[in-house]
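See below for the structure under consideration.
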Amino acid sequence: MSPRTVKHMTWHQSHNAVDGVMVHPSNGEAWKHFNSMYPHFSAESRNVRLRLCIDRFNPFRSFATPYSCWPVILTVYNLPPGMCMRPEFMFLSMVIPCPSSPGQNIDVCLRPLIDELTRL
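If you're matching positions, the sequence shown starts at 2 in our numbering and goes up one per residue.
So, in structure tokens, the structure goes:
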């Protein structure tokens with residue numbers, strides 16, 4: 002990571018939140034709940050918090066073709082709102098190709114990614 006980016010990695014803990022206004026996920030109840038469940042992790046503000054996004058698209062641009070792809074994208078939530086949604090901080094981790102929705106089998110598809118992230 003570049004020195005310019007590193008200084009922003011603790012923003013989520015050092016910014017001044019306004020009560021009742023959510024400008025970043027760190028202002029939300031889920032973030033606070035995670036902090037209370039894992040105090041050892043949340044005590045170090047440089048620990049990286051990631052968001053996993055999955056979306057569907059049809060690579061053939063035809064709805065008549067039953068094939069679809071599911072990109073899995075990781076974004077870094079330590080960064081300020083103006084940075085965390087920039088393309089340079091979004092990482093295409095994998096693409097799940099399948100004829101239809103992965104449905105109940107999505108956990109099987111994501112297992113290698115989860116295992117790798119756990120090792121980090």
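Backbone N, C-alpha and C define an ideal beta-carbon position, used for all residues, glycine too.
Everything numeric in this text was worked out from a predicted model, so none of it was measured.
Own chain partners of residue i with C-beta closer than 7 Å, once the 5 adjacent residues on each side are dropped
{"i": "I55", "result": "W71 and V73"}
Cα-Cα separation, residue i to residue j
{"i": "P1", "j": "M86", "result": "With the chain covering only 2 through 121, there is no way to say anything about residue 1."}
{"i": "I115", "j": "N106", "result": "14 Å"}
{"i": "Y39", "j": "A65", "result": "47 Å"}
{"i": "S12", "j": "P81", "result": "As written in the sequence, residue 12 is Trp, which differs from the Ser given in the question. Cα-Cα distance, rounded: 6 Å."}
Residue i - partner residues in DSSP beta bridges
{"i": "T76", "result": "R52 and M91"}
{"i": "S69", "result": "C99"}
{"i": "N58", "result": "The amino acid occupying residue 58 in the given sequence is Phe; Asn does not appear at that position. According to DSSP, which records beta bridges pairwise, F58 is partnered with C70."}
With 16 other Cβ atoms within 10 Å as the buried cut-off, status of residue i
{"i": "Y68", "result": "exposed"}
{"i": "S27", "result": "buried"}
{"i": "R5", "result": "exposed"}
Neighbourhood of residue i by C-beta, 8 Å cutoff - its chain only, sequence neighbours within 5 removed
{"i": "M23", "result": "G29"}
Cutoff 6 Å; reference residue i; Cβ partners in own chain excluding five residues on either side
{"i": "R50", "result": "Y78 and N79"}
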